[in-house]
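Chemist: Residues in the sequence shown are numbered from 52 upward in steps of one, following the numbering used here.
Cβ coordinates follow ideal geometry from the N, Cα and C atoms, glycine included.
Right, I'll just put the structure down here and ask away after.
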Amino acid sequence: MFAIIELGAKQFKVAPEQIFTAEKTGSIVGNTFDAKVLLLSDNNKVNIGSPALSSAKVTLKVLEDLKADKIHGFKYKKRKNYKRAWGHRQQMQKLQVVSING
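Shown next as structure tokens:
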């Protein structure tokens, strides 16, 4: 059994009890929430939503807050004495699939 869910602007293929990281959802550590289910597969039976399945439900639990690896950027213009460096660390969360109901 697996499901394809949407969190933010990204889609994830998840199975029961799976642990994965995704961009921060706004939930607090220890809380559970339901994700939008786009596809649900149980053995040979596949249900596809258009765009989402209203009857299916995937419950996720927030395990911890993380930060992704730092992304470095650099701008440079030759002979103009222009240099600009920047960095960014995306806020992430470690999530666990509690249940998949469909």
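Report the start-end ranges of each beta strand (DSSP E) in the stretch 62 to 148 that is 3 residues or longer and not cut off at the edges.
Modeler: List check, beta strand (DSSP E) in window: 70 to 74, 83 to 93, 96 to 99, 108 to 118, 122 to 128, 133 to 139.
Chemist: Identify whether A54 lies in helix, strand or coil by the three-state DSSP scheme.
Modeler: If DSSP states are grouped into helix, strand and coil, A54 belongs with the strands.
Chemist: Is it buried or exposed for F169, if we count other Cβ within 10 angstroms and need 16 for buried?
Modeler: Here the chain has residues from 52 to 153 only, and residue 169 is not among them.
Chemist: For L89, is the classification buried or exposed, using 16 other Cβ atoms within 10 angstroms of its Cβ as the cut-off for buried?
Modeler: When all chains shown are included, L89 counts as buried.
Chemist: From I99, A103, S78, pick the residue whose C-alpha is nearest to that of Q142; which is it?
Modeler: Among I99, A103, S78, the Cα nearest to that of Q142 is on S78.
Chemist: Cα separation between S92 and L104?
Modeler: Taking the straight line from one Cα to the other gives about 12 Å.
Chemist: Under 8 Å by Cβ, that's how I've got I151 and V97 pegged, so tell me the actual separation to the nearest angstrom.
Modeler: With 8 Å as the limit, I151 and V97 do not qualify as a contact, their Cβ atoms being about 14 Å apart.
Chemist: Are the Cβ atoms of K126 and G138 separated by less than 9 Å?
Modeler: Contact flag unset, no.
Chemist: Restricting to Cα atoms, I'd like to know which of I55, H123, N95 is closest to S101.
Modeler: With distances taken between Cα atoms, S101 lies closest to I55.
Chemist: Contact check, L111 vs A86 under 8 Å by CB: the rounded distance?
Modeler: About 6 Å; that satisfies the 8 Å criterion.
Chemist: Check the C-beta distance from D116 over to Q147 and give it rounded, since I have them as a contact under 8 Å.
Modeler: With a Cβ gap of about 14 Å, D116 and Q147 do not count as contacting.
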